[in-house]
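A quick write-up on the structure given underneath.
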Amino acid sequence: MVEGDWIRPSKDQSITFSEKDLSKWRYYHVDALYIIVQVNGMTVPHVLIDGGSGINICPDLTAKALGF
């Protein structure tokens with residue numbers, strides 16, 4: 002996958018990381034994982050990747066700005 006690729010989300014898709022991925026850091030990594038997402042031509046610069054323990058929140062103003 003490269004920048005600009007489109008993803009159609011579904012329940013059978015997941016993002017995973019291996020021990021090899023974690024070896025890039027010298028110290029144990031406990032920080033939150035954020036990614037950059039483009040939706041309807043707009044960039045959302047800090048999207049939190051959550052392992053499922055949180056709730057999905059998108060402020061109404063943000064949703065409207067993204068065209069929802």
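Count along the sequence shown starting at 1, add 1, and that's the number in this note's numbering. We put the beta carbon where it would ideally sit given N, CA and C, even for glycine.
Exercise. Since residue 17 sits in a beta bridge, which residues does DSSP pair it with?
Worked result: Numbered from 1 along the sequence shown, position 16 holds the residue referred to as residue 17. The bridge partners DSSP lists for residue 17 come to none.
Exercise. Which residue comes first and which comes last in the beta strand (DSSP E) that contains residue 49?
Worked result: For the purposes of this step, residue 49 is taken as the residue at position 48 of the sequence shown. Unbroken beta strand (DSSP E) run through residue 49: 43–50.
Problem set entry | For residue 36: DSSP bridge partner residues | Here residue 36 refers to the residue found at position 35 when the sequence shown is read from its first residue. Looking at the DSSP assignment, residue 36 forms a beta bridge with 48.
For this session: Grab the span of the alpha helix (DSSP H) containing residue 67 for me, first residue to last.
Result: Against the sequence shown, residue 67 aligns to sequence position 66. Per DSSP, residue 67 lies in no alpha helix (DSSP H) and is assigned neither H nor E.
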